[in-house]
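Undergrad: If you read the protein sequences in the order shown, they are chains A and B. Sequential numbering from 17 applies to the first sequence in the numbering used here. Sequential numbering from 44 applies to the second sequence in the numbering used here.
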Amino acid sequence: MGAITLKESYPVEAGDFSTAGEASGKIKRVLKKLGIDSAIVRRVAVAAYEVELNLVIHSMGGHMDLIVEPDYLQLNVHDRGPGIPDVDLAMREGYSTASDDVRTMGFGAGMGLPNMRRNANDFSIRSTVGVGTDIEMGFKL
Amino acid sequence: MTIQQFIDLTNAKLVTPEVPTDREISCGYTCDLLSWVMAHGAADMAWITVQTHMNVVAVAALMDMAAVIAPEGITFEAEVIEKAQEEGIALLECGETAYSLCGKMIAAGVPAD
Chain A
17 MGAITLKESY PVEAGDFSTA GEASGKIKRV LKKLGIDSAI VRRVAVAAYE VELNLVIHSM
77 GGHMDLIVEP DYLQLNVHDR GPGIPDVDLA MREGYSTASD DVRTMGFGAG MGLPNMRRNA
137 NDFSIRSTVG VGTDIEMGFK L
Chain B
44 MTIQQFIDLT NAKLVTPEVP TDREISCGYT CDLLSWVMAH GAADMAWITV QTHMNVVAVA
104 ALMDMAAVIA PEGITFEAEV IEKAQEEGIA LLECGETAYS LCGKMIAAGV PAD
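1) Tell me the residue span of the beta strand (DSSP E) that contains A:T149.
2) Give me whichever residues DSSP pairs with A:T144 in a beta bridge.
3) By the 7 Å beta-carbon criterion, what residues does the region 87 to 98 of chain B contribute toward chain A?
4) If we define contact as Cβ-Cβ less than 8 Å, is A:E159 a contact residue for chain B?
5) Which one or two residues does DSSP pair with A:H94 in a beta bridge?
6) Is A:F139 close to chain B, meaning its C-beta is less than 8 Å from at least one C-beta of that chain?
7) In chain order, what residues of the same chain lie with their CB nearer than 7 Å to the CB of A:L69, ignoring the 5 residues before and after it?
8) Measure the beta-carbon distance from B:A104 to B:I132 and round it to whole angstroms, keeping in mind my assumption that it falls under 8 Å.
9) Out of A:V28, A:E24, A:D32, point me to the one whose CA is closest to A:G78's CA.
10) For a contact meaning CB atoms closer than 8 Å, what does A:A125 contact in chain B?
11) Taking buried to mean at least 16 other C-beta atoms within 10 Å of its own C-beta, is A:S40 buried or exposed?
12) Applying the 10 Å Cβ sphere with the 16-neighbour rule, what's the burial state of A:L71?
13) Would you report the Cα separation of B:L134 and A:V145, rounded to the nearest angstrom?
14) For A:A114 and chain B, any beta-carbon pair shorter than 8 Å?
15) Among A:L89, A:V62, A:Y111, which one has its Cα closest to the Cα of A:D81?
16) Which of helix, strand or coil does DSSP assign to B:L105?
17) In the region 22 to 46 of chain A, which residues sit with their C-beta less than 9 Å from some C-beta in chain B, listed in chain order?
18) Taking one C-beta from the region 121 to 131 of chain B and one from the region 53 to 63 of chain B each time, how about it: are there three or more such pairs within less than 8 Å?
19) Going by alpha carbons, who is nearest to A:E24 out of A:G31, A:V46, A:F33?
20) So which residues of chain B does A:Y88 contact, with C-beta pairs closer than 7 Å?
21) Do you know whose CA, among B:K147, B:Y72, B:L76, lies nearest B:A109's CA?
22) For A:S25, which residues does DSSP report across the bridge?
23) Cα-Cα, which of A:N131, A:E38, A:I83, A:R134 is closest to A:L50?
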């Protein structure tokens, strides 16, 4: 573990599509300002956007914590529920529980969690129904 | 191909006048599923989609895309245009279908990726 360069927390409101993507945009700007390689910034931005949209679409709200160390970046996400009954199923590409309204907007392709796992070097998810979901993503810098 | 050359080729209307049109387009793409685009998008891409809501700009900005093109006479709302100008993403409205626009871009030498 290196010294922490930066630690920030970004709240995400449930159901607010008008501001969806703003937290990811802020994260991207912060990382660019830190001079992190643009290919890594884009991978973090994709993963951040996917998890942010998952919070907006599926959760009761939560927050995304960004921790940047000299050689490692963590994006730790916590929500306040409702939790995922079958995480293995949720991780499957193409599986989605999004509503028809949300699908009409181009979301709900069932690509969110697989996209996160694909872009992060390390990925873990824990979920308890009625409590919430924690996702931890790590990126080597 | 630059954004301006795309406009000249397709008679597209640039609705973000503050965004420079001399930016080079690296590749073209068409898809309306945002997560799919997040998985396959690229920097400096020109993305054709019938989706015109705010999150289209968010996806384009996060992927460092050059332009988003609405085909078949579809128009962007004022607040979406404003956001795109802030982010430096060119928004174009065009009468042709996505299929036709892709054909023209490929014929002009714009690669698929």
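Backbone N, C-alpha and C define an ideal beta-carbon position, used for all residues, glycine too.
TA: To lay it out plainly:
1) 148 to 156
2) A:G148
3) Q94, H96, M97, N98
4) Only positions 17 to 157 of chain A appear in the structure, and residue 159 of chain A is not among them; the question remains open.
5) A:H79, A:D150
6) Not a single C-beta of chain B is nearer than 8 Å to the C-beta of A:F139.
7) Shown here for A:L69: same chain residues with a beta carbon closer than 7 Å to its own, the five before and five after excluded, namely A36, F123, G128 in chain order.
8) 6 Å
9) Ranking A:V28, A:E24, A:D32 by Cα distance to A:G78 puts A:V28 first.
10) L76, L77, S78, W79
11) buried
12) buried
13) 42 Å
14) no
15) Shortest Cα-Cα distance from A:D81 to any of A:L89, A:V62, A:Y111 involves A:L89.
16) helix
17) F33, S34, T35, A36, G37, E38, S40, G41, K44
18) yes
19) Of the listed residues, the one whose Cα sits closest to A:E24 is A:V46.
20) Under the 7 Å cutoff, chain B gives no residues; its nearest Cβ is about 21 Å from A:Y88.
21) B:Y72
22) Paired residues: A:D81.
23) A:I83
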